[in-house]
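Just so you know, the protein sequences line up as chains R, F and L, in that order. Using the working numbering, you'd call the opening residue of the first sequence number 11 and step up by one each time. Using the working numbering, you'd call the opening residue of the second sequence number 1365 and step up by one each time. Using the working numbering, you'd call the opening residue of the third sequence number 79 and step up by one each time. All C-beta atoms, glycine included, are put in the ideal place defined by N, C-alpha and C.
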Amino acid sequence: MATPTLEKTTALPASFGAEALGAVAASDPDWLKQLRAEALVRAEATAFPTLNDEAWRRTNPSRFRLDPFTLPRPGASATPQAAMAAVAAAGLPELREALLVTVDGALAHHDAQAGLAEAGVIFTDFATAARSHGEALRKDLFHGASMDTLDRWSALNAAFTTSGAYIRVPKNIVVEQPLVVLHHLQGTDCAAFLHTVIHVEAGASVTVLEVTSGTDQATGLVHSAVDVIAGAGSNVRYLRMQELGVKTLHLSRERLYAHRDSQVDWSWGALGSAMAKSDMEANLLGEGIHAMISGFYHGEGTQHLDHHTFQNHEKGNTISDLLYKGSLTGRARSVYMGLIKIHKEAQRSDAYQANRNLLLSSTARTDSIPSLEIEANDVRCTHGATMGQIDEEQLFYLRARGITRAEAVRLIVEGFYEPVFDRIGSETLRSHARTRLERRVKV
Amino acid sequence: MSQPDLIVKDLQVSVDGKPILKGLSLEVRKGEVHAIMGPNGSGKSTLANALMGHPKYTVDSGQMLLAGEDIGELEADERSRKGLFLAFQYPTAIPGVSVANFLRTSLNARRKEQGEGPIPVKEFRTLMRSHMATLKMDDSFAGRYLNEGFSGGEKKRAEILQMSVLKPQIAVLDETDSGLDIDALRVVSDGVNALRGPDLGIVLITHYQRLLNYIKPDFVHVLVAGRLVRSGGPELALELEEKGYDWLIEPEAANTQA
Amino acid sequence: MAEAVDISRETYTEKYGFHDTEQHVFKIRKGLDHSIVDEISRMKGEPEWMRDTRHKALDIFLAKPMPTWGGDVGAINFQDIYYYVKPTDEEAKTWEDVPADMKRTFDRLGIPEAEQKFLSGVGAQYDSEVVYHKIKEDLEKKGVLFLSADHGLKEHEHLFKEYFGKLIPSADNKFAALNTAVWSGGSFIYVPKGVKVDVPLQAYFRINTKDMGQFERTLIIVDEGAYVHYVEGCTAPTYSSDSLHSAVVEIYVKEGGRCRYTTIQNWSNNVYNLVTKRAAAYKNATMEWVDGNLGSKLTMKYPSVYLMEEGAKAEVLSIAFAGKGQHLDAGAKAVHLAPNTTSSVVSKSISQHGGRAGYRGLIKVAKGAVGCKSTVRCDALILDEESRSDTYPYMEIEEDDVSVGHEATVSKIGEEQLFYLMSRGLSEPEASAMIVSGFIEPIVKELPMEYAVEMNRLIQLQMEGSVG
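Given below as structure tokens:
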């Protein structure tokens, strides 16, 4: 995909300068201070995207501004009480075996069974990881990419990472219990930068649930960076939920780096925020990879949800299977832009991409652009997109059985999402995803 | 004699502005089975859909009374909760919604109407399984998505399953025999016969006499060009089988062309 | 002449890639500026408003950046092109009056024969001007106008001006601006109310001069309840340097009318084919584009239909077959502006020997356009490891009471299919050609029989050229 054009460099607001950087990095080890400084240089040398960038033509980039906001002042709000309230609100009370909670960018709760550490599993917050596992984290951040390759938002994230998580599962270790990470935002006028790094080494297996949530009173912007590295033959089940408050803006940069013979079951639920843009890349870097990518979203009111996906088949004998389904009511709007790219070297690849939209009000709006760039011939590749409303015949059938209109609509909408949930391999993740969506969809 | 439980009075119905039913009257009491027979295009499915309140079918005049109450202005779900049931000729698939989930939701809608709470999950499961067993349906059927990928026979069986769970006062069966092989037809008919009794009135809509070998009607009506042109006992069906519809159509066709 | 080199489609050179020795009554100097535009306008003796329109369009063209999407247009040197080459003094009404060399060219291309056999009228353009134009007398009597665009402007200025540039204004895109600045030739068609032209009208476009730019302009008005089928074909000599073809086609289909526009584009592999085609369909009107793209170095062409009033229908059938050195970026657009309008797009693309074929499309349903239905079906065949296929479907939906769907597949020729045919004695190229023919059959069967035969023959040639 086209990288944002760097036509003009706009200065960063003063609250995101060297001074702010110094405060954020105060307790960091030197390598991270250094990295943050490099990232800030990169951020200053690049520009924000504009409406002229293809990826930003349907989601106004000027809505995502830094100047009204400051970095969160962590500490005060990060109490155990706040953490538990957030856990309850996010529907996670049952999943506390391995749970890490940050509130407004500061670690507020951390539960992890001793067994994890004994097996050599790293499951900790970003700041702790930087101090205790600096060398490993540095290599895994952005998959080791140089700061010079980042776009402005990603560079800002690298410079100002307020919190995050680092999960690393050593070779051939199977982690049974789901690892749960919750980032909760409740401050006002904050720009928070979160970075989650998950590295599952060769032959290892893990299930991760990551939730980014916020209160409806919270205002500001959240930028999330996610790097998931699936080592050779590893097995990764990852569900990511966005349940930010209605006044919060969200930008998200998700990268999967899948290596030979890995099995990745990646799912994504976008339910909250005022305006959100997610940019997900699945990089299939070795042969024999099977990547399942599932997305579900629901927009209401004036919510604007933008999803960009990129299935990048660099090697052959790989499978990527993507299904994104969303419903919209009120004046909500969704944008889906997807690209499957099959490189010349990636013969015998299968790639599927589908985007289905259910429009529940005449003022909702949806754009869908599922694209293909295929450079190898021995491939199986299909894509599709549909948009439509609830079928009147279905509605009549259910009502003929005594079900009220509202109830019938709810049933049909839930049925619409069912194929997405069916794909989620982990029962824990599947039922969490389904419950959160059903709670959110009030038709 | 008691008041009929379903009264259709001089019903005129059009589809996309085209009149289909041109004054149809019918009275059905619980415990009775009425067969409505007619050639293609005579208005059989229009009658079924208009009774259930499909939005595409416009009632231009006439009345429909269920247990004495005019249901003409009611939505389909209200009619259903008042005890009307339509077994569809072509049941619609509802992707992602399992048969069990759907059945429980519709049963609870009815219970709510009657002031009862939702049926406990276990009780429901037992109830559903017993009805499914009667209809020779495998347990796995409950987990399948409603009508999605069902064979013709499975669709019809699922309709009868719903009917047996929901226990309507009046059931309209629209071409329930179409697309069924002889074994499926027997299972479906057995299901209907098992439900037959003093608490249920049945309107059987069919093109062929075949179904009536399995479900014996008390009354037979012949629908031609939007009107009931003959009514009688079961012997009328046999007469139709012998002579076809032509002898009834000729004068009617002449009428409508005039 | 020495310039004629083969690019890839070996048989093309022999069948179509030949060229006459240059013959023209006037050839403007190379390059593009306001004085060139003045000169073209003066040669044509056209009204002042048209000259002004051209100058304004040139300013727009110069101001607009080159498109950065689609194909690579960076190599076009706009100053190294002849923008106007006038082949003859007068448009002929009989083939006898066409200069012998040019007539021989059209004979070799089979145009006069086709006119005799199955056409209602023919226009033949050679470089910048139409050299032959004829319509059957009975149609003329019914009031059907089928003229070169230049004659349309001269003889029916009022009607021409009413519609010219209204659907595709100069500012629409850089190449529409270029066409408006230097347009010459093309067709002007008016079909009166209720008149059905049962037999197709055909225009044939031929580039002969090296380093030539052809910029024909076509305007078609189908009045209420009328019908016309317009067919265009195009070929050019195979030169080592590139030519530019940049047409603009505007079509109006009034209430209850129907227009079918069939293109068999078979330019040589040194032609940049950058064309803007758009139709407006009014109440219950039907617009059909049948778009076959076999030739050119780069094609960027997305025939579009604006569904202006209730009940309007759009149908686009598109074939692109890209071989060595070719990039065919074809597609379709349907813009639903009124309720209960429908559109259907079927696209089949094939790429081989490093060719790149693609579909780029837009389905837009505007606010208020309730009850719209749109289906898009794109299938792509990639015949070898060198080739590439792209699909870029854009869907923008502002209503809920719609049904919009896009489905696409990309695959190679099935080995089982190939094996089955070869087990019946077909060679691999024959078997492949048969499978390819079957692949595009749903579209080819929509062509008039003669063109279907031609299309299948072109596909065969394309396939044979590839393995020979």
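From this set, the options, which residue's C-alpha is nearest residue i's C-alpha?
{"i": "Lys108/L", "options": "Lys195/L, Ser321/L, Lys220/L, Leu187/L", "result": "Ser321/L"}
{"i": "Ala227/L", "options": "Met180/L, Ala254/L, Glu328/L, Lys181/L", "result": "Glu328/L"}
{"i": "Thr222/R", "options": "Ala146/R, Arg52/R, Ala24/R, Ala93/R", "result": "Ala93/R"}
{"i": "Leu295/R", "options": "Ile239/R, Phe203/R, Arg250/R, Val232/R", "result": "Ile239/R"}
{"i": "Leu117/R", "options": "Met157/R, Ala416/R, Tyr176/R, Lys287/R", "result": "Tyr176/R"}
{"i": "Asn1557/F", "options": "Met1527/F, Val1485/F, Ala1601/F", "result": "Met1527/F"}
{"i": "Val191/R", "options": "Pro103/R, Gly213/R, Ala155/R", "result": "Pro103/R"}
{"i": "Ser436/R", "options": "Ser372/R, Asp275/R, Ile400/R", "result": "Asp275/R"}
{"i": "Phe203/R", "options": "Gly197/R, Leu195/R, Gln227/R, Phe170/R", "result": "Phe170/R"}
{"i": "Leu333/R", "options": "Gly326/R, Ala342/R, Gly154/R, Ile350/R", "result": "Ile350/R"}
{"i": "Ala363/L", "options": "Tyr305/L, Gly123/L, Glu193/L", "result": "Tyr305/L"}
{"i": "Ala400/L", "options": "Ala390/L, Tyr204/L, Ala435/L", "result": "Ala435/L"}
{"i": "Glu294/L", "options": "Asp179/L, Val277/L, Val260/L", "result": "Val260/L"}
{"i": "Phe79/R", "options": "Gly197/R, Ala36/R, Lys149/R", "result": "Gly197/R"}
{"i": "Pro90/R", "options": "Asp121/R, Gly305/R, Phe320/R", "result": "Asp121/R"}
{"i": "Phe58/R", "options": "Leu42/R, Leu160/R, Gln123/R", "result": "Leu160/R"}
{"i": "Arg411/R", "options": "Pro1368/F, Ile1458/F, Pro1383/F, Asp1441/F", "result": "Asp1441/F"}
{"i": "Val200/L", "options": "Ile189/L, Ser206/L, Val222/L", "result": "Ile189/L"}
{"i": "Ser206/L", "options": "Thr469/L, Asn286/L, Met386/L", "result": "Asn286/L"}
Less than 8 Å between the CB atoms is what I'm expecting for residue i and residue j, so what's the real figure, rounded?
{"i": "Asp478/L", "j": "Leu370/R", "result": "7 Å"}
{"i": "Thr206/R", "j": "Glu220/R", "result": "6 Å"}
{"i": "Ser70/L", "j": "Ile460/L", "result": "Because chain L here runs from 79 to 546, residue 70/L falls outside it and cannot be looked at."}
{"i": "Thr487/L", "j": "Cys391/R", "result": "7 Å"}
{"i": "Ala268/R", "j": "Ala235/R", "result": "Ala268/R to Ala235/R, Cβ: 18 Å. No contact."}
{"i": "Met1401/F", "j": "Val1584/F", "result": "6 Å"}
{"i": "Gln357/R", "j": "Gly326/R", "result": "4 Å"}
Here's the rule I'm using: 16 or more other beta-carbon atoms within 10 Å means buried, otherwise exposed. How should residue i be labelled?
{"i": "Gln1621/F", "result": "Unreliable positioning characterises Gln1621/F in this predicted model, as indicated by a pLDDT of 40, which lies under 50. A coordinate reading is not provided."}
{"i": "Lys1420/F", "result": "exposed"}
{"i": "Tyr4/R", "result": "For residue 4/R there is no data in the structure shown, the boundaries of chain R being 11 and 453."}
{"i": "Gly27/R", "result": "exposed"}
{"i": "Gln280/L", "result": "buried"}
{"i": "Asp271/R", "result": "buried"}
{"i": "Ile1546/F", "result": "exposed"}
{"i": "Pro1562/F", "result": "exposed"}
{"i": "Glu310/L", "result": "buried"}
{"i": "Met527/L", "result": "exposed"}
{"i": "Glu393/L", "result": "buried"}
{"i": "Trp345/L", "result": "buried"}
{"i": "Trp367/L", "result": "buried"}
{"i": "Tyr498/L", "result": "exposed"}
Problem set entry | Contained beta strand (DSSP E) runs [length at least 3] in the stretch 1444-1484 of chain F, N- to C-terminal order | 1448-1451
For this session: Scan the stretch 201-261 of chain R and note each continuous beta strand (DSSP E) run of 3 residues or more that stays entirely inside, going in chain order.
Result: 215-224, 230-240, 245-253
Exercise. The stretch 375-390 of chain R: which residues have C-beta closer than 7 Å to a C-beta of chain L, in chain order?
Worked result: Arg375, Thr376, Asp377, Ser378, Ile379, Pro380, Ser381, Leu382, Glu383, Ile384, Glu385, Ala386, Asn387, Asp388, Val389, Arg390
For this session: Could you pull out every unbroken beta strand (DSSP E) segment of at least 3 residues lying fully inside the stretch 249-293 of chain L, listed in chain order?
Result: 265-269, 279-284
For this session: Starting from the N-terminal side, write out each stretch of the beta strand (DSSP E) that is 3 residues or longer and does not extend beyond the stretch 143-203 of chain R.
Result: 173-179, 189-195
Exercise. Can you list, in chain order, the residues of the stretch 412-433 of chain R whose Cβ is nearer than 8 Å to any Cβ on chain F?
Worked result: Gly412, Ile413, Thr414, Arg415, Glu417, Ala418, Leu421, Ile422, Glu424, Gly425, Phe426, Tyr427, Glu428, Pro429
For this session: Identify each residue in the stretch 352-371 of chain R for which the Cβ-Cβ distance to at least one residue of chain L is less than 8 Å, and report them in chain order.
Result: Lys354, Gln357, Asn367, Leu369, Leu370, Ser371
Exercise. Using Cβ-Cβ distances below 7 Å, what residues of the stretch 24-45 of chain R are close to chain F?
Worked result: none
Exercise. Using a Cβ cut-off of 8 Å, which residues of the stretch 91-108 of chain L contact any Cβ in chain R, in chain order?
Worked result: none
Problem set entry | Members of the stretch 1591-1615 of chain F near chain R, C-beta cut-off 7 Å | none
Problem set entry | chain R contacts from the stretch 474-490 of chain L (Cβ-Cβ distance under 7 Å) | Glu474, Ile475, Glu476, Glu477, Asp478, Asp479, Val480, Ser481, Val482, Gly483, His484, Glu485, Ala486, Thr487, Val488, Ser489, Lys490
Problem set entry | Where the stretch 1456-1470 of chain F meets chain R: residues whose CB sits under 9 Å from a CB there | Thr1456, Ala1457, Ile1458, Pro1459, Gly1460, Val1461, Ser1462, Asn1465, Phe1466, Leu1467, Thr1469, Ser1470
For this session: Taking a Cβ distance cut-off of 8 Å, strictly less, list which residues of the stretch 1525-1556 of chain F are near chain R, in chain order.
Result: Gln1526, Leu1530
Exercise. Curious, which full-length beta strand (DSSP E) runs of at least 3 residues does the stretch 345-418 of chain L contain?
Worked result: 349-359, 364-371, 376-379, 382-385, 391-400, 405-414
For this session: Could you please tell me which residues of the stretch 400-411 of chain R, in chain order, have their CB closer than 8 Å to any CB of chain F?
Result: Asp401, Glu402, Glu403, Gln404, Phe406, Tyr407, Leu408, Arg409, Ala410, Arg411
Exercise. Fully enclosed by the stretch 256-294 of chain R, which beta strand (DSSP E) runs are 3 residues long or longer?
Worked result: 258-268, 273-280, 285-294
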